[in-house]
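Q:
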Amino acid sequence: MSEEQNFGWNREQMAERAAQDIPNGAYVNLGIGIPEKVVRYVPEGREVIYHTENGLLGMGDAPEPGMEDPELINAGKKNVTAIPGAAYFHHADSFSMIRGGHIDICVLGAMQVAENGDLANWSTGNPDAIPAVGGAMDLVAGVKTINVITQHVTNKGYPKLVEKCTFPLTGVGVVSRIYTDLAVIDVTPEGFKIVELAPGVDFDYVQERTGCKLIAA
Amino acid sequence: MSEEQNFGWNREQMAERAAQDIPNGAYVNLGIGIPEKVVRYVPEGREVIYHTENGLLGMGDAPEPGMEDPELINAGKKNVTAIPGAAYFHHADSFSMIRGGHIDICVLGAMQVAENGDLANWSTGNPDAIPAVGGAMDLVAGVKTINVITQHVTNKGYPKLVEKCTFPLTGVGVVSRIYTDLAVIDVTPEGFKIVELAPGVDFDYVQERTGCKLIAA
Amino acid sequence: MINKQVNSVAQAVANIHDGATVMIGGFGEAGSPIELIHALIDQGAKNLTVVNNNTGSGHVGLAALIENKRVSKMICSFPRTANSTVFPELYTKGEIELELVPQGTLAERIRAGGAGVPAFYTATSVGTPLAEGKEVRSIDGRDYVLEYGLKADFSLIKCLRADRYGNLVYNKTARNFAPIMAMAAETTIVQTKEFVNAGEIDPEVVVTPGIFVDQIVTVDSPLHESELVAAGEVYP
Amino acid sequence: MINKQVNSVAQAVANIHDGATVMIGGFGEAGSPIELIHALIDQGAKNLTVVNNNTGSGHVGLAALIENKRVSKMICSFPRTANSTVFPELYTKGEIELELVPQGTLAERIRAGGAGVPAFYTATSVGTPLAEGKEVRSIDGRDYVLEYGLKADFSLIKCLRADRYGNLVYNKTARNFAPIMAMAAETTIVQTKEFVNAGEIDPEVVVTPGIFVDQIVTVDSPLHESELVAAGEVYP
Chain L
4 MSEEQNFGWN REQMAERAAQ DIPNGAYVNL GIGIPEKVVR YVPEGREVIY
54 HTENGLLGMG DAPEPGMEDP ELINAGKKNV TAIPGAAYFH HADSFSMIRG
104 GHIDICVLGA MQVAENGDLA NWSTGNPDAI PAVGGAMDLV AGVKTINVIT
154 QHVTNKGYPK LVEKCTFPLT GVGVVSRIYT DLAVIDVTPE GFKIVELAPG
204 VDFDYVQERT GCKLIAA
Chain A
4 MSEEQNFGWN REQMAERAAQ DIPNGAYVNL GIGIPEKVVR YVPEGREVIY
54 HTENGLLGMG DAPEPGMEDP ELINAGKKNV TAIPGAAYFH HADSFSMIRG
104 GHIDICVLGA MQVAENGDLA NWSTGNPDAI PAVGGAMDLV AGVKTINVIT
154 QHVTNKGYPK LVEKCTFPLT GVGVVSRIYT DLAVIDVTPE GFKIVELAPG
204 VDFDYVQERT GCKLIAA
Chain H
2 MINKQVNSVA QAVANIHDGA TVMIGGFGEA GSPIELIHAL IDQGAKNLTV
52 VNNNTGSGHV GLAALIENKR VSKMICSFPR TANSTVFPEL YTKGEIELEL
102 VPQGTLAERI RAGGAGVPAF YTATSVGTPL AEGKEVRSID GRDYVLEYGL
152 KADFSLIKCL RADRYGNLVY NKTARNFAPI MAMAAETTIV QTKEFVNAGE
202 IDPEVVVTPG IFVDQIVTVD SPLHESELVA AGEVYP
Chain D
2 MINKQVNSVA QAVANIHDGA TVMIGGFGEA GSPIELIHAL IDQGAKNLTV
52 VNNNTGSGHV GLAALIENKR VSKMICSFPR TANSTVFPEL YTKGEIELEL
102 VPQGTLAERI RAGGAGVPAF YTATSVGTPL AEGKEVRSID GRDYVLEYGL
152 KADFSLIKCL RADRYGNLVY NKTARNFAPI MAMAAETTIV QTKEFVNAGE
202 IDPEVVVTPG IFVDQIVTVD SPLHESELVA AGEVYP
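The structure is reproduced here in structure tokens:
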């Protein structure tokens, strides 16, 4: 255990906390980055089915070294395995699962989340950058519940939870719950509401690092 | 050989004539009735692939007696077989083949064909009748070439090739060629044009039984 | 552990409510989930909207559901078939509603409903009575009608083989509407001839992935509708 | 007899013309028909519009096609990937056009193109910059954007096994865009690892029925893009 665990949550702990909210039997799609770690923390006694949008339902763990198959990868183009009871399908069928509302939960990273649930996670809007969107807009438009895992502030200390996103949107009013290093926060009709504070963190500390007014738990 | 073969074509001969126009390698859908007979007359040396809209590409002949499978049927709900190299698929995929323009030729029955190619083959418009359309409208909208096999006149002697259909349409301007008991007739921008007359039949005889002006071969 | 198996057809259809929209698989007899339909007759739900390509044969299966006055509306492409008298009689008397849909449009509407596509354009039915009242749009010089996705509260389908996750494979042309109906329903109820262990269906050959399936009941010796019709059977 | 086999990758791509729209299967390396792409580079067609989820890696395969200035426009969802420098450099210099499409919209547009659906509505991208200039319609209280079907002159895809009719099966997640691209192209060109006799692929497990396939070439030991990229290979 590292020292920093006495204050806030580290990346593993954020993933572990998010995993606690995934019920048995859920169909889940995990974004690239910290969300990928959620798979390791599904609580004992629950079975969760992972969907990867490049055509696999029943995604398993990473393969043993030497057992990688370049034709068995996830949406992040990492080598994966398939569980017994998996299914392969083509891209239109895969996105039918997403866009048709069949995936229960998607956990994504974020650049900004607005207090009305708007999400920005695909572009800074910098005209010099190469734009790339992947499946993010499909996921937020189609999956029943969109949760976000993100550091509470940017590398430069700016709030990522804001009154209104300044980056181009991925989706409008789509986020349900946010897991940060400081707190678990719900998007409610009244705005961001604290569900749980990380160890050693108090409300004012989170509020100071948030771009809009928070509602206490 | 029956006596009537000296004058006009019988149902088998109409099917045989239609089969002559199906090239090697064509993907073909056959309507219920006389069109179903076309399958027996594919000329030697040609291989044709039959599609049935209830989910089979590579439909074969009727099964041997006693070998019928109630789960292997054609669109007319008759028992069929599948050739080696066949494929089964669901209804949306099957109609993607039809509506996406992948089927080369469809041979259908008709109640009326108009000189601009309009086809009526699903309803008399009688308000007491139970309306039923099946896949006819999809076939005429999607298949590259729509050919028709039909008696030249109705049971009561009325023309089925007309200036304008009086029955409700199946499709607008969709028919390419018509095989009747009297002639092979093309739909051209100028109207119906005789391609070939049946044995013993002359132009005037066909013209008298047609509801609009014919163009000689 | 995930296990979508239920013990009886009665349990499988227990939650179907009055007024529900129910998609029923099958093209004629092939793929018709006759045991689930009979269980639905026993269960008693009424005022149903049923989506099926046809309207059943004789006095069993879908025809029996209609004959027992459980169906207020049929959405189908071909309500007239051999040995089909139940629907035509009720329709002629004005006792059942009919929404007639071209077969391919029906299939595409169901697929759209399952795929999150609320509406799409199609060339099918343009210029015919079935396009009357529908929006027509010209795209690249051709006219198309606007059709809407179709969803259901429940789908009742039949397959050959299933596992506890709900992965399904079918038998020949009995596949027909089942995979898309499984996608389009809030709750998909499956009768399977065989139930196998997870992993026994090769992931490459799964036709309906388990995400589209909610309840599975094994019916290892299903009735043959055509035999019942030939024998003049009446359900119940 | 129908036999869609051709003898070489060069023969398979011979008819691809300047200005053609070419769909290329694959999600990153998985499913990328690298031998067909290299044959297309050798063939010389230019001013191509290419549809692919990405823009290739290193200096082989799709990245090499782009680097050799054969592609005037990319339609894709994610042009930035690890080891992808060719497209970004040309794009930054304004030497290649990009139509950025959400991945699911891209897949659905390709499927629509193949299925005869000229346009459809989707919730994806509503309220974002990628919906700018697109028609928005409210259906049952939710907003959707209108998207158009996408077709191609040619599709280049890779499969595991094929027969003379063009029936195809794939390997794991290398399936990805190939089945829908096969549907959406005027001419579909396939490289297969194995070529088998008609009937050796069970009709129940065919993923792409032969009707969607035009030419098949066997490449029994395909190159691995990631190995070429790691070795710093440059094509040609």
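One line per chain: the protein sequences are L, A, H and D, in this order.
Numbers 4 to 220, taken from the working numbering, label the letters of the first sequence in order.
Numbers 4 to 220, taken from the working numbering, label the letters of the second sequence in order.
Numbers 2 to 237, taken from the working numbering, label the letters of the third sequence in order.
Numbers 2 to 237, taken from the working numbering, label the letters of the fourth sequence in order.
Glycine included, C-beta positions come from ideal geometry on N, C-alpha and C.
Kindly list, in the order they appear in chain D, the residues whose Cβ is closer than 7 Å to that of residue 89 of chain A.
A: Going along chain D in sequence order, the residues near residue 89 of chain A (Cβ under 7 Å) are 204.
Q: Do three or more CB pairs link the stretch 133 to 149 of chain L to the stretch 96 to 111 of chain L at distances below 8 Å?
A: Contact holds: three or more Cβ-Cβ distances are below 8 Å.
Q: So, under 8 Å CB-CB, residue 175 of chain D and residue 32 of chain D are touching, yes? Tell me the CB distance rounded to an integer number of Å.
A: Correct: roughly 4 Å between the Cβ atoms.
Q: Please go through the same chain and pick out, in chain order, the residues whose beta-carbon is closer than 8 Å to the beta-carbon of residue 50 of chain A, but skip the five residues on each side of it.
A: 27 and 28.
Q: Within the same chain, show all residues whose beta-carbon is closer than 6 Å to that of residue 161 of chain H, passing over the 5 residues directly before and after it, in chain order.
A: For residue 161 of chain H, where only same-chain residues beyond five positions count, the Cβ hits under 6 Å are 170, 171, 172 and 194.
Q: May I ask you to list, following chain order, the residues of the stretch 93 to 119 of chain A that have a beta carbon less than 7 Å from some beta carbon of chain D?
A: Answer set for the stretch 93 to 119 of chain A: 99, 100, 102, 103, 104 and 105.
Q: Taking three-plus beta-carbon pairs below 8 Å as touching, is the stretch 142 to 162 of chain D in contact with the stretch 180 to 189 of chain D?
A: The stretch 142 to 162 of chain D is in contact with the stretch 180 to 189 of chain D.
Q: Using C-beta distances below 8 Å, list every residue in its chain close to residue 128 of chain H, excluding the 5 sequence neighbours before and after it, in chain order.
A: Closer than 8 Å at the Cβ level, and outside the excluded window around residue 128 of chain H, lie 144.
Q: To the nearest angstrom, how far is the alpha carbon of residue 126 of chain H from that of residue 117 of chain D?
A: Roughly 13 Å between the two C-alpha positions.
Q: For residue 29 of chain A and chain H, any beta-carbon pair shorter than 9 Å?
A: Not an interface residue.
Q: Residues in the same chain with beta-carbon distance under 6 Å from residue 209 of chain D, minus the five sequence neighbours each way, listed in chain order, please.
A: Same-chain partners within the cutoff: 169, 180 and 183.
Q: Can you confirm whether residue 137 of chain A, when its beta carbon is compared against all beta carbons of chain D, has any partner nearer than 9 Å?
A: Chain D, which has no Cβ nearer than 9 Å to the Cβ of residue 137 of chain A, makes this no.
Q: Which same chain residues, not among the five before or five after residue 5 of chain L, have their C-beta less than 6 Å away from its C-beta?
A: Note that residue 5 of chain L scores a pLDDT of 45, beneath 50, so its modelled location is shaky and nothing firm can be said.
Q: Determine the closest residue to residue 162 of chain A out of A/210, A/125, A/56 and A/190, with distance taken between C-alpha atoms.
A: Nearest option by C-alpha distance: A/210.
Q: Residue range of the beta strand (DSSP E) that residue 100 of chain H falls in?
A: 98 to 101 is the extent of the beta strand (DSSP E) around residue 100 of chain H.
Q: Among residues of its own chain, excluding the 5 on either side of residue 156 of chain A, which ones have a beta-carbon nearer than 7 Å to its beta-carbon?
A: If we look at residue 156 of chain A and ignore the five residues flanking it on each side, its Cβ neighbours are 162, 163 and 212.
Q: Rounded to a whole number of angstroms, what is the C-alpha to C-alpha distance between residue 65 of chain H and residue 237 of chain H?
A: About 8 Å.
Q: With a threshold of 9 Å between beta carbons, is residue 6 of chain D in contact with chain L?
A: So no, residue 6 of chain D is outside the interface.
Q: In the DSSP output, which residue or residues are listed as bridge partners for residue 139 of chain D?
A: The partner list for residue 139 of chain D (beta bridge, DSSP) reads D/144.
Q: Pull out every residue of the stretch 49 to 61 of chain L whose Cβ sits closer than 9 Å to any Cβ of chain D, in chain order.
A: So the list reads 55, 56, 57, 58 and 59, given in the order they occur along the chain.
Q: Measure from the alpha carbon of residue 163 of chain H to the alpha carbon of each residue in H/235, H/52, H/198 and H/227, then state which is nearest.
A: The candidate whose alpha carbon is nearest that of residue 163 of chain H is H/198.
Q: List in chain order: all unbroken alpha helix (DSSP H) runs of 4+ residues lying wholly within the stretch 156 to 197 of chain H.
A: If we require 4 residues or more, the alpha helix (DSSP H) runs fully inside the stretch 156 to 197 of chain H come out as 179 to 185.
Q: To the nearest angstrom, how far is the alpha carbon of residue 65 of chain A from that of residue 74 of chain A?
A: Between residue 65 of chain A and residue 74 of chain A, the C-alpha separation is close to 13 Å.
Q: To be precise: take each residue of the stretch 66 to 85 of chain L, compare its Cβ to all Cβ atoms of chain D, and keep it if any distance is under 9 Å. Which residues remain?
A: Going along the stretch 66 to 85 of chain L in chain order, one finds 72, 73, 74, 75, 76, 77, 78, 80, 83 and 85 with a Cβ nearer than 9 Å to chain D.
Q: Would you identify the three-state DSSP class for residue 117 of chain L, choosing helix, strand or coil?
A: Correct three-state label for residue 117 of chain L: strand.
Q: With DSSP collapsed to three states, give me the class of residue 9 of chain A.
A: Helix.
Q: Considering only the beta carbon of each residue, do residue 229 of chain H and residue 57 of chain H sit closer than 9 Å?
A: For residue 229 of chain H and residue 57 of chain H, no; Cβs fall outside 9 Å.
Q: With distances taken between CB atoms, is the gap from residue 111 of chain A to residue 168 of chain A smaller than 9 Å?
A: Contact: no.
Q: Can you tell which of L/166, L/59, L/115 and L/102 has the C-alpha that lies nearest to the C-alpha of residue 107 of chain D?
A: Measuring from the Cα of residue 107 of chain D, the nearest candidate turns out to be L/102.
Q: Can you check which of these residues, A/24, A/18 and A/47, is closest to residue 35 of chain A by C-alpha distance?
A: Comparing Cα-Cα distances from residue 35 of chain A to each of A/24, A/18 and A/47, the minimum goes to A/18.
Q: What residues from the stretch 123 to 147 of chain L come within 7 Å of chain H, judged by C-beta to C-beta, listed N to C?
A: Taking 7 Å as the Cβ-Cβ cut-off against chain H, the residues of the stretch 123 to 147 of chain L that qualify are 145.
Q: What number of angstroms, rounded off, separates the C-alpha of residue 76 of chain A from the C-alpha of residue 182 of chain A?
A: Roughly 26 Å separates the two Cα atoms.
Q: May I ask you to list, following chain order, the residues of the stretch 158 to 177 of chain A that have a beta carbon less than 8 Å from some beta carbon of chain H?
A: Those residues of the stretch 158 to 177 of chain A that come within reach of chain H (Cβ to Cβ, closer than 8 Å) are 171, 172, 173, 174 and 175.
Q: CA-CA distance, residue 135 of chain H and residue 137 of chain L?
A: Going by the C-alpha atoms only, they are around 35 Å apart.
Q: Quick one: is residue 7 of chain L buried, meaning 16 or more other Cβ sit within 10 Å of its Cβ, or exposed?
A: In this predicted model, residue 7 of chain L has a pLDDT of only 49, less than 50, meaning its place in the structure is not dependable enough to derive any value.
Q: Is there a Cβ from chain H that is less than 9 Å from the Cβ of residue 154 of chain D?
A: Not one chain H Cβ lies under 9 Å of residue 154 of chain D.
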